[in-house]
Amino acid sequence: MPQYVEESVDLWYVFVANAMIPAILVAISVIAINIDEVLSLVSDPGYMAMTLLTVVIAALVAGFVGWLVKLYWIESAISAGLGLADFGSSGDLAVLQASQRLNLLPFLSISSRIGGGLVLVALSALAPYLL
146 MPQYVEESVD LWYVFVANAM IPAILVAISV IAINIDEVLS LVSDPGYMAM
196 TLLTVVIAAL VAGFVGWLVK LYWIESAISA GLGLADFGSS GDLAVLQASQ
246 RLNLLPFLSI SSRIGGGLVL VALSALAPYL L
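Dropping the structure here:
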């Protein structure tokens with residue numbers, strides 16, 4: 146493939162990532178979020194503790210396992226840990242936009258699909274004991 150095509154694709158990706166992702170995140174948030182439900186969940190301390198515990202443990206374990214196999218700790222924590230605990234593809238974009246690591250999107254997409262189900266199964270098994 147010619148070099149100018151590779152450079153053009155890279156520039157297009159950067160443009161879309163910088164110009165479109167914030168608009169997409171706002172549009173998805175407005176459509177997907179029920180404010181009354183969010184307020185009731187935020188006021189429930191058990192739910193908030195479980196949510197915080199899920200995110201922190203997933204990020205720490207993923208970062209540590211990545212460090213053990215000689216990967217960067219923070220990128221392992223983001224792509225494997227936070228990818229498990231976000232809101233699907235739009236959550237992937239939000240996590241990567243906030244961490245300024247949009248180049249990890251392919252890895253986070255895989256992590257969300259495979260690992261997200263595993264986290265839900267594990268927390269469903271632990272929820273009766275923790276709540």
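Numbering (our numbering), first residue to last: 146 to 276. Ideal Cβ placement from N, Cα and C applies to all residues, glycine included.
Pick helix, strand or coil for residue i, following the three-state DSSP scheme.
i	result
M193	helix
Q245	coil
L156	helix
L276	coil
S256	helix
S188	coil
L178	As written in the sequence, residue 178 is Ile, which differs from the Leu given in the question. Reduced to three states, the DSSP call for I178 is coil.
May I have the straight-line CA-CA distance separating residue i from residue j, to the nearest angstrom?
i	j	result
E220	L227	10 angstroms
W212	I259	20 angstroms
M165	V159	10 angstroms
W218	P190	30 angstroms
W157	L229	28 angstroms
M146	R246	26 angstroms
L170	V161	13 angstroms
D231	Y149	36 angstroms
S174	V266	25 angstroms
Let me know if residue i comes out buried or exposed under the rule of 16 or more other beta-carbons within 10 Å of its beta-carbon.
i	result
S269	exposed
G208	buried
D181	exposed
L253	buried
A172	exposed
S185	exposed
State yes or no: is the C-beta of residue i within less than 8 angstroms of the C-beta of residue j?
i	j	result
L276	M193	no
Looking at residue i and the ligand ADP, is the gap between the Cβ and the nearest heavy atom below 7 angstroms?
i	result
I202	Ligands are entirely absent from the displayed structure, and the ligand ADP is therefore not among its contents.
Fill in: Contiguous alpha helix (DSSP H) assignments of at least 4 residues, all confined to the region 209 to 236
218 to 221
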